[in-house]
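Top to bottom, those sequences are chains F and B. According to numbering that gives the first Met the number 0, the first sequence is numbered sequentially starting from 0. According to numbering that gives the first Met the number 0, the second sequence is numbered sequentially starting from 0. The beta carbon of each residue, even a glycine, is placed where N, CA and C say it ideally should be.
Protein chains: 2
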Amino acid sequence: MILAPGATIGILGAGQLGRMLAMAAARLGLRSHVFAPETEAPAFDVASAKTIAAYEDETALAAFAEAVDVITYEFENVPTPCVDFLSTFQPVRPGARALSLTQDRLTEKSFLNDLGLRTAPFMAVEDAGGLVRAVGSLGRPSILKTRRFGYDGKGQALIREGSNLSALHRGLGGAPTILEGFINFEREVSVIAARGLDGAFAAFDICENEHERHILAQTRVPAAIAPATAAAAVSIARQILEALDYVGVLAVEMFVTREADGLEGLVINELAPRVHNSGHWTIDGAQTSQFEQHIRAIVGWPLGATTRRGRIEMHNIIGEEAAGWREVLSQPDLSLHLYGKMEVRPGRKMGHVTRILPESGSGSGGGGSGPV
Amino acid sequence: MILAPGATIGILGAGQLGRMLAMAAARLGLRSHVFAPETEAPAFDVASAKTIAAYEDETALAAFAEAVDVITYEFENVPTPCVDFLSTFQPVRPGARALSLTQDRLTEKSFLNDLGLRTAPFMAVEDAGGLVRAVGSLGRPSILKTRRFGYDGKGQALIREGSNLSALHRGLGGAPTILEGFINFEREVSVIAARGLDGAFAAFDICENEHERHILAQTRVPAAIAPATAAAAVSIARQILEALDYVGVLAVEMFVTREADGLEGLVINELAPRVHNSGHWTIDGAQTSQFEQHIRAIVGWPLGATTRRGRIEMHNIIGEEAAGWREVLSQPDLSLHLYGKMEVRPGRKMGHVTRILPESGSGSGGGGSGPV
């Protein structure tokens, strides 16, 4: 089903990703109806309609579904029963399968391994005894993570020499967990890729990401990786999108390793079945933004070009950094994006800043070969 | 008064200019409250609040003023009593003077001539007898225009050899009119310029405009004019902004003539005390869009850089052309903007399309010397 301008996109979730999706939809002559439980949230400011209700409220969900033409989500922890229910009324893109699979680190990693793709070694951990056995197998350091609802480093514990395993396990609250072997990586990169309703595929240039305290601090594009590594990363993303019969934008976070043969390797860290923080640079720095790309995909329109406008740096504005908005505004080469969040909290993503630099003429490091 | 992120911009008028202003405000973490008499209009879709009321409704205007932190307008035919009333509550930027001056072709042209700036020769015309005298003075061809409320060629009549003057005068409905001498021009250009609350000035590169049936059809940037002409055009815009103690974006439409000495001359056609259709290319093609520039100015923030990203072509999507949206979407170098208008009418501006081309290497024609 291909929608026409004037159609309404239903968006589950009202954070900054929903806000930027709604703005991309508006630019294309589409309306947005945002559904979220919060009474005040970034996406409401730019949506033509909103529903404030719980994701379990079937009356509200049904009315929402009747009011829109297609449904998407801005975060992967939407309850799957909500999406299953909505799917009886309207297409939900990307669909329930991508959502349920990526909500659980165990099923996600198993899916990737089944495709022949490389992840960190992992073992499901049911209890403290299981953790002892898993650490015996995967060694130290290793990382214990809740299987579900983790983000920005929440629900994780590093296991070192001397760590008290049962205390660490208790610290994660008794939720189902997974132990992941430690990957000794050179860089963290991500691929922001999209698949259209017609099966078309498009990827933005590979992003290189730096985290601080588990929160994305900075993205640089292109990543300083070999062209063959970049091509392999895009190929992995494409394989995942096709295996899921995916419609929309998906992010694949990967570690770049240095292998025994001296070449770069790629280990998949995690998937995000949605637009992604490391793709925010595309608003200023690409012919089509990741938000427009996602909207194009879910309404059945052709994907846009991912051409890059130069070398890009994107910095997140976290917590108290938001106080520096005037300094950002006074720098002529910076583009400021603020999400309309009224309350500043530590670790809260308040906005981001993009800088576009001329494409470097030297062929250093690869990846900087221009638009894909 | 300098506002902070989270502040609310009041916008009078809910058309596409208001829509794009609201989107620019949202990107900067500002909210928009749109005031207009229409029940459905483009800007409502992306505003965090709306008031649907007449511009004469002082109760509604007072409540609107109390709910916002600064007020602007998206069209120059806002009734001046409305702006005078609102000004008692909140700053209105640009202010009442720029508005009242540009609402009347006679006062606008007199103001420009008083600054020593060149316009078409003109004479006020009170009645059919006055028209005969004015045509005797300014000759044929010449153009009879209503002094107020004209746009996109409405309220105009061309006076040729053999025209029936009294019939033409009657055709404009008895409103006060002005006769303008005919300018034999080579091109139409516009300057989109801004002045900050601190008096800072910035102009985008000169736009070259083509009209079809009096409606802007296409803008190309940079205009194919001599560098000295471009510099003179910017200087004229600056002089106007400073004379008005203006805050915000203003457009100056000019004719480029070929003078007796073989050089280019500039004749001012009209002013628009607002963002302007010929500046829509700045969304995709400039470091700062005209909409962000206007918002920055009216909230007291520093003006942004006007750096251009290449040679630009902007086409308006008028009336039935809107049916071609799929063709536009399938072309990788085009950026589509649709205004969310549900009803297609002949001559109605439904959206626009931007194409960015590489900067030409040759020094042909001047003006293409890169970002200002």
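Fill in: Range covered by the alpha helix (DSSP H) that runs through residue 112(B)
104-113
Worksheet item: Is residue 22(B) helix, strand or coil when you go by DSSP?
Response: helix
Worksheet item: Is it the case that the CB of residue 8(F) approaches a heavy atom of the ligand GDP more closely than 7 Å?
Response: Absent from the structure shown: the ligand GDP. Ligands present: none.
Discussion item. Quick check on DSSP: helix, strand or coil for residue 50(B)?
Written reply: strand
Worksheet item: What's the C-alpha gap between residue 146(F) and residue 282(B)?
Response: 42 Å
Fill in: When 158(B), 162(B) and 174(B) are compared against residue 180(B), the one with the closest alpha-carbon
158(B)
Discussion item. With three or more beta-carbon pairs closer than 8 Å as the criterion, would you say the stretch 286-293 of chain F touches the stretch 117-135 of chain F?
Written reply: no
Practice prompt. Answer with yes or no whether the minimum CB distance from residue 329(B) to chain F is below 8 Å.
Written response: yes
Practice prompt. Could you tell me the distance, in whole angstroms, from the CA atom of residue 365(F) to the CA atom of residue 226(F)?
Written response: Low local confidence applies: a pLDDT of 36 at residue 365(F) is under 50, so the model's placement there is unreliable, with the coordinate-based value given in what follows. Answer to the nearest angstrom: the Cα atoms are 5 Å apart.
Worksheet item: What does DSSP give as the partner residues of residue 375(B) in its beta bridges?
Response: Residue 375(B) falls outside the range modelled here, since chain B spans only 0 to 371, and no answer is possible.
Fill in: Contact residues within the stretch 337-349 of chain F, judged by C-beta distance below 9 Å to chain B
337, 338, 339, 340, 341 and 349
Discussion item. Determine whether the beta carbon atoms of residue 309(F) and residue 357(F) lie at a separation below 8 Å.
Written reply: yes
Item to complete: Can you check DSSP and say which residues form a bridge with residue 254(B)?
Response: 187(B) and 266(B)
Worksheet item: Which runs of the beta strand (DSSP E), 3 residues or longer, sit entirely within the stretch 294-343 of chain F?
Response: 310-317 and 333-337
Fill in: Entirely enclosed alpha helix (DSSP H) segments - the stretch 61-148 of chain B, minimum 4 residues
79-85, 95-101, 104-113 and 127-137
Discussion item. What are the residues in the stretch 45-59 of chain B lying within 7 Å of chain F by C-beta distance?
Written reply: 45 and 47
Practice prompt. For residue 5(F), collect the residues of the same chain with a Cβ closer than 7 Å to its Cβ; drop the 5 residues on either side in sequence, then sort them by chain order.
Written response: 28
Item to complete: Could you tell me whether the Cβ atoms of residue 296(B) and residue 261(B) are closer together than 8 Å?
Response: no
Worksheet item: So which of 107(F), 65(F) and 108(F) has the shortest CA-CA distance to residue 91(F)?
Response: 65(F)
Worksheet item: Alpha carbon to alpha carbon, what distance is there between residue 149(B) and residue 126(B)?
Response: 18 Å
Worksheet item: Taking DSSP as the reference, what is the three-state secondary structure of residue 289(F)?
Response: helix
Practice prompt. Verify whether the separation of the beta carbon atoms of residue 188(F) and residue 224(F) is less than 8 Å.
Written response: yes
Discussion item. Tell me which residues share the same chain as residue 112(F) and place their Cβ nearer than 8 Å to its Cβ, disregarding the 5 neighbours each side in the sequence.
Written reply: 118
Fill in: Outcome for residue 315(B) when other beta-carbon atoms lying within 10 angstroms are tallied against a minimum of 16
buried
Discussion item. Mapping the DSSP letters down to three states, classify residue 213(B) as helix, strand or coil.
Written reply: coil
Worksheet item: To the nearest whole angstrom, what separates the beta carbons of residue 182(B) and residue 254(B), a pair I think is in contact under 8 Å?
Response: 5 Å
Item to complete: Report yes if the CB atom of residue 168(F) is closer than 8 Å to the CB atom of residue 130(F), and no otherwise.
Response: yes
Worksheet item: Under 8 Å between the Cβ atoms of residue 48(B) and residue 32(B)?
Response: yes
Worksheet item: Straight-line CA distance for residue 212(F) to residue 250(F)?
Response: 20 Å
Discussion item. Quick check on DSSP: helix, strand or coil for residue 237(B)?
Written reply: helix
Item to complete: Would you verify that the beta carbon of residue 25(B) is, or is not, closer than 8 Å to some beta carbon of chain F?
Response: yes
Worksheet entry | Contact between the stretch 316-324 of chain B and the stretch 1-21 of chain B (3+ Cβ pairs under 8 Å) | no
Worksheet item: Roughly how many whole angstroms lie between the Cα atoms of residue 79(F) and residue 98(F)?
Response: 7 Å
Worksheet item: Does the Cβ of residue 163(F) have 16 or more other Cβ atoms within 10 Å, making it buried, or fewer, making it exposed?
Response: exposed
Discussion item. What would DSSP say about residue 367(B), mapped onto helix, strand or coil?
Written reply: At residue 367(B), the pLDDT of 33 sits below 50, so the modelled position is not reliable and the matter cannot be decided from this model.
Discussion item. Tell me which residue opens and which closes the beta strand (DSSP E) that residue 353(F) is part of.
Written reply: 348-356
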